[in-house]
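Down below is the structure, laid out as structure tokens.
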Amino acid sequence: MTGSNGCTATELFNIINTNSNFSFNGAVLPNTSCIAPNGSIDLTLTPAGSYSFIWSSGASTEDLQNLSAGNYSVTVSDINNCALVESYSIQDILSYPIISSQVTPSSCGNSNGAIDINVIPANGNSYSWSNGSTGEDQSNLQAGNYFVTVTSLNGCMTIDTISVGNQNSIFTLTALTTPNSSCINSNGSIDLSITPSGTYSYVWSNGATTEDLQNMAAGSYTVTVTDILNCFSSDTFLVADNISIPVLSANITSANCGANNGSIDLIVNPIINTTFLWSNTGTTEDLQNIFHGSYSVIVTDTTNGCQVLDTFNVQNINNNFSISASTVPNTSCTSQTGSIDLTIAPAGTYTFIWSNGFTSEDLSALNPGSYTVTVTDNASCSSSAVFIVDNNTPITTISTGITPSTCGNNNGVIDLTINPSVGNSFLWSNGATTEDLQNLVSGIYSLTVTGSNGCTTSDTVFVPDVGSTISLSASPTANTNCVLPNGSIDLTVAPAGTYTYTWSNGFSSEDLTILSPGIYSVTVSDSNSCSSIGTYSIDDQTVFPAITDNISPSTCGQNNGQIDISITPAGNYQFIWSNGDTNEDLQNIYSGTYMVTVTGDNGCSASTTLLVQNTNSNFSISASTSDNTSCTTSNGAINLSIVPSGTYNFLWSNGATSEDLQNLPAGIYTVTVTDLSNCSTQGSYILADNVVNLIVEETITPALCGDANGRIDLNVTPPAGNNFIWSDGTTNSSLENILPGIYSVTVTGQNGCTWSSAFTMPGSEKIELDLEVDAIQTTDQFVTIKAQINVPITALDTLIWLPENLFNCPFEFCPEQTIARPSQQTEIIVMVVDTNGCMAQARLLLDDESNPQVFIPNVFSPNGDGVNDLFTIYGNKDVKEIVEMRIFDRWGNFVYMNTHFPPNEENYGWDGSFRNSNMNPDVFAYWARVQFVDGAEGFYKGDITLVR
Numbered sequence: 001m002t003g004s005n006g007c008t009a010t011e012l013f014n015i016i017n018t019n020s021n022f023s024f025n026g027a028v029l030p031n032t033s034c035i036a037p038n039g040s041i042d043l044t045l046t047p048a049g050s051y052s053f054i055w056s057s058g059a060s061t062e063d064l065q066n067l068s069a070g071n072y073s074v075t076v077s078d079i080n081n082c083a084l085v086e087s088y089s090i091q092d093i094l095s096y097p098i099i100s101s102q103v104t105p106s107s108c109g110n111s112n113g114a115i116d117i118n119v120i121p122a123n124g125n126s127y128s129w130s131n132g133s134t135g136e137d138q139s140n141l142q143a144g145n146y147f148v149t150v151t152s153l154n155g156c157m158t159i160d161t162i163s164v165g166n167q168n169s170i171f172t173l174t175a176l177t178t179p180n181s182s183c184i185n186s187n188g189s190i191d192l193s194i195t196p197s198g199t200y201s202y203v204w205s206n207g208a209t210t211e212d213l214q215n216m217a218a219g220s221y222t223v224t225v226t227d228i229l230n231c232f233s234s235d236t237f238l239v240a241d242n243i244s245i246p247v248l249s250a251n252i253t254s255a256n257c258g259a260n261n262g263s264i265d266l267i268v269n270p271i272i273n274t275t276f277l278w279s280n281t282g283t284t285e286d287l288q289n290i291f292h293g294s295y296s297v298i299v300t301d302t303t304n305g306c307q308v309l310d311t312f313n314v315q316n317i318n319n320n321f322s323i324s325a326s327t328v329p330n331t332s333c334t335s336q337t338g339s340i341d342l343t344i345a346p347a348g349t350y351t352f353i354w355s356n357g358f359t360s361e362d363l364s365a366l367n368p369g370s371y372t373v374t375v376t377d378n379a380s381c382s383s384s385a386v387f388i389v390d391n392n393t394p395i396t397t398i399s400t401g402i403t404p405s406t407c408g409n410n411n412g413v414i415d416l417t418i419n420p421s422v423g424n425s426f427l428w429s430n431g432a433t434t435e436d437l438q439n440l441v442s443g444i445y446s447l448t449v450t451g452s453n454g455c456t457t458s459d460t461v462f463v464p465d466v467g468s469t470i471s472l473s474a475s476p477t478a479n480t481n482c483v484l485p486n487g488s489i490d491l492t493v494a495p496a497g498t499y500t501y502t503w504s505n506g507f508s509s510e511d512l513t514i515l516s517p518g519i520y521s522v523t524v525s526d527s528n529s530c531s532s533i534g535t536y537s538i539d540d541q542t543v544f545p546a547i548t549d550n551i552s553p554s555t556c557g558q559n560n561g562q563i564d565i566s567i568t569p570a571g572n573y574q575f576i577w578s579n580g581d582t583n584e585d586l587q588n589i590y591s592g593t594y595m596v597t598v599t600g601d602n603g604c605s606a607s608t609t610l611l612v613q614n615t616n617s618n619f620s621i622s623a624s625t626s627d628n629t630s631c632t633t634s635n636g637a638i639n640l641s642i643v644p645s646g647t648y649n650f651l652w653s654n655g656a657t658s659e660d661l662q663n664l665p666a667g668i669y670t671v672t673v674t675d676l677s678n679c680s681t682q683g684s685y686i687l688a689d690n691v692v693n694l695i696v697e698e699t700i701t702p703a704l705c706g707d708a709n710g711r712i713d714l715n716v717t718p719p720a721g722n723n724f725i726w727s728d729g730t731t732n733s734s735l736e737n738i739l740p741g742i743y744s745v746t747v748t749g750q751n752g753c754t755w756s757s758a759f760t761m762p763g764s765e766k767i768e769l770d771l772e773v774d775a776i777q778t779t780d781q782f783v784t785i786k787a788q789i790n791v792p793i794t795a796l797d798t799l800i801w802l803p804e805n806l807f808n809c810p811f812e813f814c815p816e817q818t819i820a821r822p823s824q825q826t827e828i829i830v831m832v833v834d835t836n837g838c839m840a841q842a843r844l845l846l847d848d849e850s851n852p853q854v855f856i857p858n859v860f861s862p863n864g865d866g867v868n869d870l871f872t873i874y875g876n877k878d879v880k881e882i883v884e885m886r887i888f889d890r891w892g893n894f895v896y897m898n899t900h901f902p903p904n905e906e907n908y909g910w911d912g913s914f915r916n917s918n919m920n921p922d923v924f925a926y927w928a929r930v931q932f933v934d935g936a937e938g939f940y941k942g943d944i945t946l947v948r
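Numbering-wise (the UniProt record's numbering), the sequence shown opens with residue 1 and increments by one.
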């Protein structure tokens with residue numbers, strides 16, 4: 001309910017059926033076990049009698065035991081068939097072990113590390129380590145990661161990963177190195193020193209295991225030194241190269257005209273103990289009487305075995321004839337016009353080979369460039385020469401004359417001057433082919449000029465734009481009238497000329513008159529379409545009359561009061577009073593309220609309301625007031641005091657006639673007090689609204705893992721005397737053990753003020769894990785097990801397969817594993833923890849390889865997501881059919897049966913419903929009879945958990 005003052009109140013009402021003559025309530029205990037649910041609902045009925053019970057789970061007992069978390073409703077009927085319905089919520093209050101650890105690292109790779117864990121709660125826990133140990137603490141450990149699963153008495157598990165580090169002892173390595181000085185037998189060495197001294201083993205990067213190295217070639221050598229505690233240290237040492245290699249040079253005499261008259265005079269530094277081997281098999285230091293060509297020599301220093309190889313080129317010199325030529329340059333950009341006219345002296349018979357492949361004496365139709373010719377006479381003497389064909393194509397030059405465009409118009413001009421001026425063609429970027437361009441807008445224009453010789457020249461021309469030269473000024477006159485605007489703008493344009501005017505108010509004259517206050521802009525344009533814009537402001541200088549008053553009160557209700565008003569500034573004014581009078585002042589008036597409107601010659605007016613009091617000099621009134629402080633029941637008060645005391649009549653503005661007023665809302669209250677002589681006086685009193693509104697701050701703890709463990713805490717100011725009503729009926733300031741969803745609350749303070757809001761409880765999905773055997777991939781020797789998880793692998797923090805010795809990746813994110821079939825019955829355990837810390841565990845019992853294989857899951861989730869939606873029985877090739885499968889609830893009630901269906905077919909399984917209604921999450925029992933291919937039968941029973 002919301003009052004006229006905006007205050008609201010909220011109340012909850014419970015409508016009951018008056019024809020029932022009994023009532024009941026339930027004592028609810030939460031589920032505190034992670035293994036076997038132990039929640040309960042204990043009903044108490046008044047009066048005692050004979051009743052029947054129907055629970056939403058299908059049970060018909062008065063009380064429920066061993067309940068999982070969830071909502072349960074019960075219908076209770078008496079012998080008269082009167083029924084009451086109530087719902088209860090079982091919450092999960094699960095205590096998971098809290099693990100802390102103290103780690104002693106191993107040293108130098110030895111198994112001497114230790115893990116000491118502390119668990120809260122400390123008693124009744126079991127432990128399972130990834131190394132197979134079941135003790136609380138671990139010792140004699142190597143460095144590495146260890147996973148521990150702690151299971152408390154209530155079956156709740158916590159998995160932690162603990163890292164054991166490795167500490168190495170410290171010793172230092174130094175070495176004295178000797179460089180290698182031989183090219184044949186390496187003679188470098190490394191003399192290693194270790195501090196402190198002791199017994200060590202050595203492994204060098206070259207495979208050596210001695211402390212020191214001898215006869216080493218130049219290079220880097222790394223050694224790893226290990227002490228008796230298996231601690232190790234590595235270092236790298238450099239053996240330098242300190243060998244002397246001969247340096248070669250030569251004085252070469254060229255051969256003439258292809259004869260064997262060339263020589264090589266070799267210079268060796270140093271020359272001591274050296275041997276020579278030339279590419280022509282010579283072994284002397286120098287070569288004589290050799291043809292032109294390339295000659296290689298290997299020089300060996302016999303002292304250190306070092307060798308050096310070098311190659312020397314003996315040229316052929318032909319000086320029996322001379323070569324000259326006259327060249328003609330190329331003068332065209334489209335065809336080759338260059339040529340070379342060769343002259344050989346003396347005249348004779350010669351052969352020619354040009355660098356462009358031609359063999360003629362002269363060349364024609366040449367491009368500009370360099371051309372080499374080799375000329376050979378009959379004696380096989382040859383000579384070469386290089387000739388240049390120049391490029392003498394004339395270059396076209398361009399000069400431009402530009403006339404800018406004006407004010408954005410297309411009146412620009414480009415006038416070209418071309419040298420040479422004839423025989424040219426033109427192509428502009430706008431597609432024009434004329435030499436000059438007319439009627440151009442401002443912009444960039446590109447040009448290509450092609451001359452009569454086919455040569456082209458390009459240029460770019462910018463045509464600028466010359467803007468407006470119009471200058472504006474104005475003399476605005478402010479508005480001074482409240483009725484008829486009288487502002488004006490007198491515009492001046494320079495230079496003088498013929499212009500058009502466009503004002504923002506639509507007018508087209510040069511000047512404006514009769515203007516109201518405001519901003520006015522004008523666009524002035526000339527005959528060239530150049531324009532200029534000006535903006536001007538008309539101020540508001542209207543003067544309103546100011547009224548002052550001098551009031552003489554009336555006395556005792558007589559019409560003897562008067563109002564004398566004064567107006568500034570001085571001037572002519574008109575007066576309109578609320579009683580119809582048009583004079584400036586009022587005379588002979590009763591007490592009361594009078595309003596006057598004063599209007600000046602400029603049409604500006606002002607109004608005021610004046611109160612003429614009634615002065616009753618016979619008595620005086622005063623009052624003490626109490627402000628309203630309630631949102632529901634007004635509690636303001638006015639206690640009136642009259643001096644002197646006597647008999648008086650009271651009339652309040654709210655119609656009350658008592659002396660004092662109680663239970664008042666905030667407001668203005670006027671009282672008229674009249675004595676026996678009919679003299680009266682008035683008083684007005686203001687009651688404020690001093691309601692203290694509620695300030696509420698919330699703290700939301702998300703609901704994790706699909707469990708009802710969310711919490712909303714409200715902190716209310718002021719903190720005392722507040723009532724709470726949540727959308728689920730809770731009346732505490734905190735809402736605990738809730739699932740994700742939207743929850744609303746109304747808080748009512750002591751003063752009846754309310755505050756309402758709704759909160760969204762965030763949460764993470766409950767992890768659903770199921771193990772199933774892939775019957776298609778499973779053989780007599782190998783079993784493929786799939787972990788069906790309802791969250792992506794990327795959302796997981798831990799995925800563990802146990803026992804770890806059966807699996808290739810027990811601690812990696814492998815959702816599917818293929819293992820050798822165990823030789824004895826083995827329980828497979830998979831544990832997952834997501835990034836929110838939510839955990840799930842599934843178990844699968846594998847028979848040994850000598851028995852037919854039947855696989856029955858222990859959990860399924862019929863939520864329609866396409867994964868693990870039906871419960872059925874799986875088997876290998878030895879299983880023929882499922883003869884019969886029955887499902888019972890925890891109280892033994894029969895809920896499902898199917899007969900004679902093949903294994904591994906989910907379509908024949910149970911979908912988690914009973915009589916076309918989905919069953920609540922719970923633990924159910926199954927019984928199955930299986931027939932094998934050899935005619936034998938097996939009986940199986942167990943429990944299956946339904947989750948949604």
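All residues carry an ideal CB built from backbone N, CA and C; glycine is no exception.
Under a three-way DSSP split, which group does L806 fall into?
In the structure shown, L806 sits in a helix (DSSP, three-state: H, G or I).
Is the beta carbon of N572 less than 9 Å from the beta carbon of G600?
Contact annotation: N572 and G600 have beta-carbon atoms nearer than 9 Å.
Taking the Cβ atom as the reference point for each residue, do D869 and D911 lie within a distance shorter than 9 Å?
With respect to D911, D869 sits close: the two C-beta atoms are nearer than 9 Å.
For P97, count neighbouring C-beta atoms within 10 Å of its own C-beta (all shown protein chains included) and say buried if the count is 16 or more, exposed if not.
Buried.
Unbroken beta strand (DSSP E) runs of length 3 or more, entirely within the stretch 877 to 944: which are they?
For the stretch 877 to 944, whole beta strand (DSSP E) runs of length 3 or above, ordered along the chain, are 879 to 888, 894 to 901, 922 to 932.
Own chain partners of I700 with C-beta closer than 7 Å, once the 5 adjacent residues on each side are dropped:
Residues of the same chain with a CB within less than 7 Å of the CB of I700, apart from the 5 flanking positions on each side, are I712, F759, M761 in chain order.
How many angstroms separate the CA atom of Y51 from the CA atom of N709?
Near 35 Å, if we compare the C-alpha coordinates of N709 and Y51.
When the Cα of T337 is compared with those of T393, N920, C381, W652, which residue comes out closest?
Across the set T393, N920, C381, W652, the C-alpha of T393 shows the shortest separation from the C-alpha of T337.
How is the beta strand (DSSP E) around V141 delimited, first residue to last?
First, the amino acid is wrong: residue 141 is Leu here, not Val. Start and end: 138 to 141.
Whole angstroms is fine: what's the gap from V389's alpha carbon to I402's?
V389 and I402: Cα-Cα distance of roughly 40 Å.
Mapping DSSP to helix, strand and coil, what is T359?
T359: coil per DSSP, three-state reduction.
Name the residue from G497, T625, V524, V493 whose alpha carbon lies nearest to the alpha carbon of E507.
Residue identity differs from the one stated: residue 507 is Phe in this sequence, not Glu. Of the listed residues, the one whose Cα sits closest to F507 is V524.
Considering only the beta carbon of each residue, do N154 and T44 sit closer than 9 Å?
Annotated as distal: N154 and T44, with beta-carbon spacing of 9 Å or more.
Determine the direct distance from the alpha carbon of D42 to that of A27, and round the result to whole angstroms.
One C-alpha to the other measures close to 5 Å.
Pull up the CB-CB distance for F237 and I194, whole angstroms please, since I reckon it's below 8 Å.
So it is not a contact: roughly 13 Å between Cβ atoms.
Inter-stretch contact (C-beta, 8 Å, three-pair minimum) for the stretch 904 to 918 and the stretch 932 to 939:
Result no; under three Cβ-Cβ pairs closer than 8 Å.
Where does A795 sit, in a helix, a strand or coil, going by DSSP?
Helix, per DSSP.
Which same chain residues end up closer than 6 Å to I184 when comparing Cβ atoms and leaving out the 5 residues on each side of it in sequence?
Excluding sequence neighbours, I184 sits near G305.
Nearest CA to the CA of T794: which residue from G892, D834, N528, I115?
The shortest C-alpha separation from T794 is found at D834.
Helix, strand or coil, according to DSSP, for S452 in the structure here?
In the displayed model, S452 falls within coil according to three-state DSSP, outside both helix and strand.
DSSP three-state call for F507: helix, strand or coil?
It is coil, neither helix nor strand.
For E736, the first and last residue of its enclosing beta strand (DSSP E)
Looking at the DSSP string, the run of the beta strand (DSSP E) that includes E736 is 734 to 738.
So, does the CB of E827 fall closer than 9 Å to a CB anywhere in chain D?
This model lacks chain D altogether, as it is built from one protein chain only.
How should S850 be labelled, buried or exposed, when 16 other C-beta atoms within 10 angstroms of its C-beta is the threshold for buried?
Residue placement at S850 is poorly supported in this model, since its pLDDT is 46, which falls under 50; the coordinates still yield a value, given next. The residue in question, S850, is exposed, as its Cβ has fewer than 16 Cβ neighbours within 10 Å.
Please state if the CB of C381 and the CB of N320 are separated by a distance shorter than 9 Å.
Taking a C-beta distance under 9 Å as the contact criterion, N320 and C381 qualify as a contact pair.
For R821, which of helix, strand or coil comes out of DSSP?
In this structure, R821 counts as coil in the three-state DSSP scheme.
Neighbourhood of N732 by C-beta, 7 Å cutoff - its chain only, sequence neighbours within 5 removed
Within the same chain, F724 come within 7 Å of N732 by CB-CB distance, once the 5 residues on both sides are set aside.
Cα-Cα separation between L611 and S626, rounded to whole angstroms:
L611 and S626: Cα-Cα distance of roughly 26 Å.
Considering just the uninterrupted stretch of the beta strand (DSSP E) at G49, what are its terminal residues?
Per DSSP, G49 belongs to no beta strand (DSSP E) and is neither H nor E.
Buried or exposed for residue 953, going by 16 or more other Cβ atoms inside 10 Å?
Nothing about residue 953 can be read from this structure; the chain reaches only from 1 to 948.
When the Cα atoms are used, what is the spatial distance from L248 to T178?
For L248 and T178, the distance between alpha carbons rounds to 28 Å.
From W129, S764, L309, residue whose alpha carbon lies closest to that of F147
Cα-wise, what sits closest to F147 is W129.
Once the 5 residues before and after G497 are set aside, which same chain residues still bring their CB inside 7 Å of it?
Excluding sequence neighbours, G497 sits near D526.
Taking a contact to mean a Cβ-Cβ separation below 9 Å, would you say D585 touches I565 in this structure?
Yes, the pair counts as a contact, with Cβ atoms nearer than the cut-off.
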